[in-house]
Every structure is written in C-alpha cells, then in structure tokens.
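**Q** 135 is the number of the first residue of the sequence shown in the working numbering; add one for each residue after it. Cβ atoms here follow ideal geometry from the backbone N, Cα and C, with glycine treated the same way. Structure incoming, see below.
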Amino acid sequence: MNSPSLLGEYQLAGQRHREAFDIYQELDDRVHQAYALNELGVVRRLTGDPTGAREAHTQALEYFTELGERFGRTNSVRHLGVLDRMDGNVTEAIRLLDDALGSYRDLGSRGGEAAALGELGAARGVAGERDGAVELFRRSLDILRELGDRCGEAEVLNHWGTLLHSSGDWAAARGLFEQALGLARDIRCPLEEARALEGIGRCDWTAGERARGEGALREARDVYRRLGIGGAADVVERLIASQAE
C-alpha cells in the first residue's frame, strides 16, 4: 500500500509522523524517534518549510550518530544534502551527497545508492557539470528500474528534464518529462505528476507553444495546490501571469 506521503496526503503524513515520534519518545526508543524525524523532515521540505525540515533532519542525524545507526545517519546526510542544493549551497550539497553515496554502497543499500545518485546528479547539474550529472542520472535509473521503483524513476527523469531544459535542449527535456508524467500517473504519485506537468509546460512555452504550455502549467498549479504545496503553486502562477503580460 502506498504511504500518505507518496500519495501526496502531506498533512496526514506529517500528523502521523509527529504521533509516531511522540509514541517512540514515551518508549524511550531513540532509533525510531530519529526515523520519524527524518520522515517528518521530508514532509516539511515538500510542503515548503525548509527550516523545519533542516531542524528535523539535523536532530535525527544527532540521534543516529550517537547511537551508531549508520543507515539512518546516511539518510539524514542525504536529506540535508538535498536541502543544501535547494538553498543554493551546491558545494556543501555535493559533499554531503558524495558522503551518503559512499555509505549506501558500503551498506549494500541499492535503493539508497540510487536515491543518492539521482540527488547528486541534480546538484552537479546546478553546479554546471552537465555531462557528469547525466551519467549519474543514468546510473540511478539503471538501479531504480532493476528495483522496480517507478516513483523514484519519475523523480530522476524530472531532475534530468530540468537539467536539459536549463541548458536549452527543450525537445529532449520534454521527452523526459513525458516519461515521468506517464509513470507518475500510472502509480498515482501526484508530486512527480505536478513536476512533470510543470516541466512540459515550461518546454512548450519556451518553444512558442503558448496555449499548450499554459494548459500544462495550469494543471501543474492545480495539483500543487491540491497537495498543499503553496510555494511551488505560486511559482507556476507567477510564470503564467508573466507570460500573459
């Protein structure tokens, strides 16, 4: 069964993770407190609260480090790397994600390795290392397809599409966003659906297909709003308004 987070039910997911943390606190179970904090941090990041997300992941990292729980610690490091990339601290993001990648490989976690490769690709893309980023995306997708993780696959395809769009390869970017959209809709992963729709809309608008582009952007905006991701919805709304001027 899909989790509330995967389905985009972020308010419910956040509530459940907070309740889980309180229960584990009563039980004095610090390992599971830390896992709940990491999950809560992800929800906060997705709903536009990077400060709250960083607080949760940092606290989880402290717990895992004290307890010597390496897998949980590695997850915290990866999540913090994602936040640094989003905040524009690309050098630190790459350092953290490289650290996480090495740890996942040492632990034999293929899913963790794929996630770190995809996020490292996104960070290296922001740093202007296009070829290196594309290679990381390819390696991530190979593992995700082997594992049958289609939501992870859609996420990496969206990262890759964003990189290609930013470098002017709109046609190739649109193809990747289309693939991501199909996967996201097949498995009911609305966040990646919205990201793919936004990417398609941006590609179409850049290519001069204004009506088609606006339609995709409005769909993306509506999905973001439904998920409670107001920041992303506002960005798309401003883009639509700027093109109408």
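I think R212 touches V260, with their Cβ atoms under 8 Å apart; what is that distance to the nearest whole Å?
**A** With 8 Å as the limit, R212 and V260 do not qualify as a contact, their Cβ atoms being about 16 Å apart.
**Q** In chain order, what residues of the same chain lie with their CB nearer than 8 Å to the CB of E371, ignoring the 5 residues before and after it?
**A** Hits under 8 Å: R355.
**Q** According to the Cβ coordinates, are T208 and Y238 closer than 7 Å?
**A** Result yes, Cβ atoms of T208 and Y238 sit closer than 7 Å.
**Q** If we call anything under 7 Å between Cβ atoms a contact, is V165 one with E203?
**A** Yes. Within cutoff.
**Q** Name the two residues that bound the continuous alpha helix (DSSP H) containing N292.
**A** From DSSP, the alpha helix (DSSP H) with N292 extends over 284 to 300.
**Q** Out of G242, G215, W304, which one is the CA nearest neighbour of D232?
**A** Nearest of G242, G215, W304 to D232, Cα basis: G215.
**Q** Taking the alpha carbon of A250 as the reference point, which residue from A375, G309, L235 has its own alpha carbon closest?
**A** It is L235 whose Cα lies nearest to the Cα of A250.
**Q** Apart from the five residues just before and just after E287, which ones in its own chain have a Cβ nearer than 7 Å to its Cβ?
**A** Excluding sequence neighbours, E287 sits near L275, L278, R279, L317.
**Q** Would you mind stating whether A350 and L325 have Cβ atoms separated by less than 7 Å?
**A** Their beta carbons are not under 7 Å apart, which means A350 does not touch L325 by this criterion.
**Q** When the distance is taken between beta carbons, is G295 closer than 7 Å to G333?
**A** Result yes, Cβ atoms of G333 and G295 sit closer than 7 Å.
**Q** Around the Cβ of L241, are there at least 16 other Cβ atoms within 10 angstroms (buried) or fewer (exposed)?
**A** Exposed, because fewer than 16 other Cβ atoms sit within 10 Å of the Cβ of L241.
**Q** Are A367 and R359 closer than 7 Å when you measure CB to CB?
**A** Yes, the Cβ-Cβ distance between A367 and R359 is below 7 Å.
**Q** Relative to the C-alpha of E312, which residue among R344, S301, E327, S376 is closest?
**A** Closest option to E312, Cα to Cα, is E327.
**Q** For D303, does the three-state DSSP call read helix, strand or coil?
**A** Correct three-state label for D303: coil.
**Q** For C337, name the three-state secondary structure that DSSP assigns.
**A** C337: helix per DSSP, three-state reduction.
**Q** Looking only at its own chain, which residues have a Cβ that is under 7 Å from the Cβ of C337, when we skip the five neighbours before and after it?
**A** These residues qualify, in order along the chain: H299, W304, A307, R308, F311.
**Q** Taking 7 Å as the cut-off, decide whether the C-beta atoms of A267 and L297 are in contact.
**A** Yes; because the gap between Cβ atoms is below 7 Å, this pair is in contact.
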